[in-house]
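*Asks:*
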Amino acid sequence: MLILPQMYKPLFESTINWLHERACARMRGLGTKLPWDERWIIESLSDSTIYMAFYTVINLIRTNKIKPEQLTRKFWDYVFLGAHSSKEIAQETKLKDKVLNEIRESFEYWYPNDLRHTAVGHITNHLTFFIFNHVALFPEKYWPKSITLNEFLIREGAKMSKSKGNVVPLVEIPRKYGADLYRLYIVSGANLEAVVDWTEKNVLSAQKRLNRLYELSDEIIKHKTQSAGRKATTIDLWLKSRFNSMLKIVTQDLQNFKMRDYSQRAFFEFLNDLGYYYQRSKENINYFLLKKILANWLKILSPLIPHTAEEFWNKLGNKKLISLEKWPALDETAISKEVEISENLILNTHKDVEQIIQLIEKKPKKIMLFAVPSWKYEVYKGTLEGKQIRDFMQNPELKKFGNELVNYYNKLGAKKFELSKEILDSKKELEVLKEAKQFFESSFNCKFEILETEKSTNPKAKIADVMKPGIYLE
Numbered sequence: 000m001l002i003l004p005q006m007y008k009p010l011f012e013s014t015i016n017w018l019h020e021r022a023c024a025r026m027r028g029l030g031t032k033l034p035w036d037e038r039w040i041i042e043s044l045s046d047s048t049i050y051m052a053f054y055t056v057i058n059l060i061r062t063n064k065i066k067p068e069q070l071t072r073k074f075w076d077y078v079f080l081g082a083h084s085s086k087e088i089a090q091e092t093k094l095k096d097k098v099l100n101e102i103r104e105s106f107e108y109w110y111p112n113d114l115r116h117t118a119v120g121h122i123t124n125h126l127t128f129f130i131f132n133h134v135a136l137f138p139e140k141y142w143p144k145s146i147t148l149n150e151f152l153i154r155e156g157a158k159m160s161k162s163k164g165n166v167v168p169l170v171e172i173p174r175k176y177g178a179d180l181y182r183l184y185i186v187s188g189a190n191l192e193a194v195v196d197w198t199e200k201n202v203l204s205a206q207k208r209l210n211r212l213y214e215l216s217d218e219i220i221k222h223k224t225q226s227a228g229r230k231a232t233t234i235d236l237w238l239k240s241r242f243n244s245m246l247k248i249v250t251q252d253l254q255n256f257k258m259r260d261y262s263q264r265a266f267f268e269f270l271n272d273l274g275y276y277y278q279r280s281k282e283n284i285n286y287f288l289l290k291k292i293l294a295n296w297l298k299i300l301s302p303l304i305p306h307t308a309e310e311f312w313n314k315l316g317n318k319k320l321i322s323l324e325k326w327p328a329l330d331e332t333a334i335s336k337e338v339e340i341s342e343n344l345i346l347n348t349h350k351d352v353e354q355i356i357q358l359i360e361k362k363p364k365k366i367m368l369f370a371v372p373s374w375k376y377e378v379y380k381g382t383l384e385g386k387q388i389r390d391f392m393q394n395p396e397l398k399k400f401g402n403e404l405v406n407y408y409n410k411l412g413a414k415k416f417e418l419s420k421e422i423l424d425s426k427k428e429l430e431v432l433k434e435a436k437q438f439f440e441s442s443f444n445c446k447f448e449i450l451e452t453e454k455s456t457n458p459k460a461k462i463a464d465v466m467k468p469g470i471y472l473e
């Protein structure tokens, strides 16, 4: 059996050892009488932990108006264990053979219980009896497959209790917040082993992000789709790469029950990616691509925000439910690390320029960007590979930078384990910045110059680093 988080497995084992001495019956209280001595009541935990088997058939019992007296021991032995024949049970209970077969098939369709999810506090009682009773009563093929657990939910930093009046009743959730917002907040708030703090401020923040999803989805759906033959731009390729990279990782997250990681990547991070795509594309938005991505994105989000996903799936013109769709197919060929790294350079440079403008509180007339010089790239790359200062000094082209190179090498060495491996060479970096020139000018409404550091005497050229251009404002 799979138990997640695995840190709780030892508690199950110690509980099983401890329960060896626990009585299975008592003489007072409500419950089922002990068959061979009706003075005794079966211990409630021994009598209430296979009710999920009842869920699989109760709808058919009601539909067929089966009376309590018809639910004999042989009836249940047939339904749950396959004992006796349906004809024998039909004769005893006066139920139709067809009805009995349907009930048995329903149980077999739904069982075993693939995933039991509840709070950690139930390990020492309910959950352990849940395992005991399934093993005692059912064949192995019907034993539970997995148990997942979560820590408690608190509110505004305090434990929820009726006396404090800070309980969030589940019945109010759909009316006040909506089911999807609740699901989004709870799943994205913390991993299973961590306490989730329900704060109105953070719930409101999640609601704004959910509203943003609505806005973007409506925006994509209402636009007429262009021909599929349009040539993909660099930013189109970036979005395709980001989507497939996300799909690859979140599929693994779900398989490993990393629900928070899945929700953060699939919802929040990719929502940011879509927003950035709009900012970068301006008047050249590829709505054919966006509609294709939206359809698959909704499939990914369906387990998290099912009602929202169904609504926009329908708006896209689909007739079947999205919950019945297959998980999106991964396109490995669309994933390009170089494209993603290139766009990270543009995005981070854009943020740096924004911060400088906010700092000086003055609108620039012109902005110069200085790409990293080739010698710095060589030293950076060599440092990642474990090269020493003597290795660089043996290269005549690098040796001429003397003390400047030594100082740069020492600077990198001080943060060696923090250095990113996702870099571009100096030539590619210059090319990417030049390609983004129009985007920069449009964003900041001023002229941009993209310059080679080696050909400039500007002091800002000296501070240009790998994936971090020097920036000069006039």
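The opening residue of the sequence shown carries number 0 in numbering that gives the first Met the number 0; numbering runs sequentially from there.
All residues carry an ideal CB built from backbone N, CA and C; glycine is no exception.
Predicted, not measured: the structure shown is a model, and the values here were computed from it.
Pair every Cβ in the segment 338-354 with every Cβ in the segment 391-410, then say whether three or more of these pairs are closer than 8 Å.
*Replies:* no
*Asks:* Tell me whether residue 243 is buried or exposed, calling it buried when 16 or more other Cβ atoms sit within 10 Å of its Cβ.
*Replies:* buried
*Asks:* What would DSSP say about residue 149, mapped onto helix, strand or coil?
*Replies:* strand
*Asks:* Can you list, in chain order, the residues of its chain with a C-beta nearer than 6 Å to that of residue 123? Leave out the 5 residues immediately preceding and following it.
*Replies:* 14, listed in sequence order.
*Asks:* Would you kindly work out how many angstroms separate the C-alpha atoms of residue 50 and residue 10, rounded to a whole number?
*Replies:* Spanning the two alpha carbons is a distance of roughly 24 Å.
*Asks:* Residue 121 by DSSP, collapsed to three states: which one?
*Replies:* helix
*Asks:* Have a look at the DSSP bridge pairing and note the partners of residue 448.
*Replies:* 367
*Asks:* Buried or exposed, going by whether 16 or more other CB atoms sit within 10 Å of the CB of residue 372?
*Replies:* buried
*Asks:* Do residue 40 and residue 24 have their beta-carbon atoms positioned less than 8 Å apart in this structure?
*Replies:* A contact, by the Cβ cut-off of 8 Å.
*Asks:* With DSSP as the reference, label residue 281 as helix, strand or coil.
*Replies:* Reduced to three states, the DSSP call for residue 281 is coil.
*Asks:* Is residue 306 helix, strand or coil when you go by DSSP?
*Replies:* The DSSP-derived three-state label of residue 306 is helix.
*Asks:* If you draw a straight line from the alpha carbon of residue 159 to that of residue 445, how long is it in whole angstroms?
*Replies:* 54 Å
*Asks:* Restricting to runs no shorter than 4 residues, where is the alpha helix (DSSP H) found entirely within the segment 146-225?
*Replies:* 172-175, 178-188, 199-221
*Asks:* Beta carbon of residue 271, beta carbon of residue 367: below 8 Å?
*Replies:* no
*Asks:* Exposed or buried, what is residue 539 when buried is set at 16 or more other beta-carbons lying within 10 Å of its beta-carbon?
*Replies:* No information on residue 539 is available, as it lies outside the stretch 0 to 473 that the chain covers here.
*Asks:* Would you say the segment 184-204 touches the segment 284-301, given that touching needs at least three Cβ pairs under 8 Å?
*Replies:* no
*Asks:* Compare the C-beta of residue 118 with all C-beta atoms of chain C and state if any pair is closer than 8 Å.
*Replies:* This model lacks chain C altogether; it includes just one protein chain.
*Asks:* Is the segment 250-262 close to the segment 180-191, with three or more CB pairs under 8 Å?
*Replies:* yes
*Asks:* Going by beta-carbon coordinates alone, are residue 390 and residue 307 separated by less than 8 Å?
*Replies:* no
*Asks:* Check whether the Cβ atoms of residue 3 and residue 191 lie closer than 8 Å to each other.
*Replies:* yes
*Asks:* I need the DSSP call for residue 116, collapsed to helix, strand or coil.
*Replies:* strand
*Asks:* Quick check on residue 37: does DSSP put it in helix, strand or coil?
*Replies:* strand
*Asks:* Please confirm if the segment 270-287 is in contact with the segment 310-321, defined as three or more CB-CB distances below 8 Å between the two stretches.
*Replies:* no
*Asks:* Would you tell me roughly how many angstroms separate the C-alpha atoms of residue 150 and residue 115, rounded to the nearest one?
*Replies:* 15 Å
*Asks:* Are the segment 137-149 and the segment 160-174 touching by the rule of at least three beta carbon pairs closer than 8 Å?
*Replies:* With a cut-off of 8 Å, the segment 160-174 and the segment 137-149 do not count as touching, because too few Cβ pairs lie within range.
*Asks:* Run through DSSP, which three-state label would residue 433 get?
*Replies:* In the structure shown, residue 433 falls within a helical segment according to DSSP collapsed to helix, strand and coil.
*Asks:* If I measure Cβ to Cβ from residue 431 and keep anything under 7 Å in the same chain, skipping five residues before and after, which residues do I get?
*Replies:* Excluding residues up to 5 positions away in sequence, 341, 344, 345, 423 lie with their Cβ nearer than 7 Å to the Cβ of residue 431 in the same chain.
*Asks:* Of all the options 348, 267, 407, 67, which has the alpha carbon lying nearest to the alpha carbon of residue 469?
*Replies:* 348
*Asks:* In this structure, what does DSSP give as the bridge partners for residue 24?
*Replies:* 41
*Asks:* Anyone know if the C-beta pair for residue 408 and residue 375 falls short of 8 Å?
*Replies:* no
*Asks:* Whose CA, out of 267, 111, 164, lies closest to the CA of residue 504?
*Replies:* The chain is shown from 0 up to 473; residue 504 falls before or after that span and cannot be answered.
*Asks:* For residue 474, tell me which candidate among 33, 411, 174, 370 has the shortest Cα-Cα distance.
*Replies:* Any question about residue 474 goes unanswered here, given that the chain covers just 0 to 473.
*Asks:* Please classify residue 428 as buried or exposed, where buried requires at least 16 other C-beta atoms within 10 Å of its C-beta.
*Replies:* Counting other Cβ atoms within 10 Å of its Cβ, residue 428 reaches 16 or more and is therefore classed as buried.
*Asks:* Hey, is the segment 322-333 in contact with the segment 432-451, meaning 3+ C-beta pairs nearer than 8 Å?
*Replies:* no
*Asks:* For residue 412, report the span of its alpha helix (DSSP H) as first-last.
*Replies:* Residue 412 -> alpha helix (DSSP H) spans 401-413.
*Asks:* Among 383, 442, 382, 314, whose alpha-carbon lies nearest the alpha-carbon of residue 365?
*Replies:* 442
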